[in-house]
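**Student:** Just so you know, we're using my numbering here: the sequence shown kicks off at 16 and counts up by one.
Where a beta carbon is used, it is the ideal one built from N, C-alpha and C, also for glycine.
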Amino acid sequence: MKPHRNKLSILAVLGLCAVSFAGADLTTQVNSIVSRASQRKVQFSIHILNADTGQTVYSYNSKKAMVPASNMKIVITAAALKYLGPNYEYKTKVGLCGNTLVVTGSGDPLLGDKVTDAKYGRKAGWIFEDIATALRRNGVTAINDIIIDSSIFDDQRVHPNWPKEQLNRWYACEVSGLNFNGNCIDMTVKTIGGKVSVFIEPKTSFVKIINEIRPIQKGKSAVGAYRNQEANKIIVKGKCKKQVGPFAVAIER
């Protein structure tokens, strides 16, 4: 059997003005890292530039074509820092137009994100409570409608080259001008009294769940959520002994 070879492509754009060691020392250090990694059958493609001068500081297999994968995040992060700045803040605007509540998104990817909320000590649903409190404070006790404005982004919500069979995964969630909970539902599967139930959070009728999970008494649980041709109709298959989840499932619009 041939040894498995992992491929990794790295693009680094670095401002080197704060680096204290000389270029020769950098070359020695990177070569040492590459040498150790090569012994583990990992392939590298590296190209480091001085951000101020554009001069090549280090290059290794830089002309070799490889799949960039998550390394594109480095380029996106650099662009965000350059054009938005390190202190940029997303602002989601909420206001009234007559008796209609209007919510205007700014593309904030962490709005309603449970991990971020927990980090800052915010309980789930705090956004809706804040909106309701502000409305009551201004004498508003009822609204007729809600308008969502996500037009800051276009309507291409997923890249055409993303694998369709992975669009239900959290990492392939849709992009939108107004996001909530990573544009996912959190799904938990439980077997109680020989019956399997599927619970979702946030609770919503926007998503239809088709439960095809069978209960088991022995063996390991294995559950998967799959998209149907109909939008937000999710088929859940597999087997469950006690509990599986919660796990995130990306939904549409």
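So if DSSP puts Gly182 in a beta bridge, which residue, or which two residues, is it bridged to?
**Tutor:** Sequence check: residue 182 is Leu here, not Gly. DSSP lists no partner for Leu182.
**Student:** Please specify which runs of the alpha helix (DSSP H), each continuous and at least 4 residues long, are wholly inside the stretch 70 to 135, giving them in chain order.
**Tutor:** List check, alpha helix (DSSP H) in window: 87 to 98, 129 to 134.
**Student:** Distance, Cα to Cα, Ala95 vs Cys255?
**Tutor:** Distance between the alpha carbons of Ala95 and Cys255 is about 43 angstroms.
**Student:** Please name the residue, chosen from Glu144, Val117, Ala149, Gly192, that lies closest to Ser165 on a Cα-to-Cα basis.
**Tutor:** Checking every option, the nearest Cα to that of Ser165 belongs to Gly192.
**Student:** On the three-state DSSP scale, how would you describe Leu193?
**Tutor:** Leu193 falls in the coil class under three-state DSSP.
**Student:** Compute the Euclidean distance between the alpha carbons of Asn89 and Pro83, then round it to the nearest angstrom.
**Tutor:** As written in the sequence, residue 89 is Ile, which differs from the Asn given in the question. Roughly 10 angstroms between the two C-alpha positions.
**Student:** For Ile231, which residues from the same chain have a beta carbon less than 6 angstroms from its beta carbon, with the 5 sequence-adjacent residues on both sides left out?
**Tutor:** The answer, listed in chain order, is Lys254, Lys256.
**Student:** On the DSSP bridge assignment, give the partners of Val264 in chain order.
**Tutor:** Answer by DSSP bridge pairing, in chain order: Ile200.
**Student:** Between Ser74 and Ile61, what straight-line distance do the alpha-carbon atoms span, to the nearest angstrom?
**Tutor:** When rounded, the distance between both Cα atoms is 6 angstroms.
**Student:** Considering only residues of the same chain and omitting the five flanking positions on each side of Ala263, which have a CB-CB separation below 7 angstroms?
**Tutor:** For Ala263, where only same-chain residues beyond five positions count, the Cβ hits under 7 angstroms are Trp185, Gly197, Cys199, Asp201.
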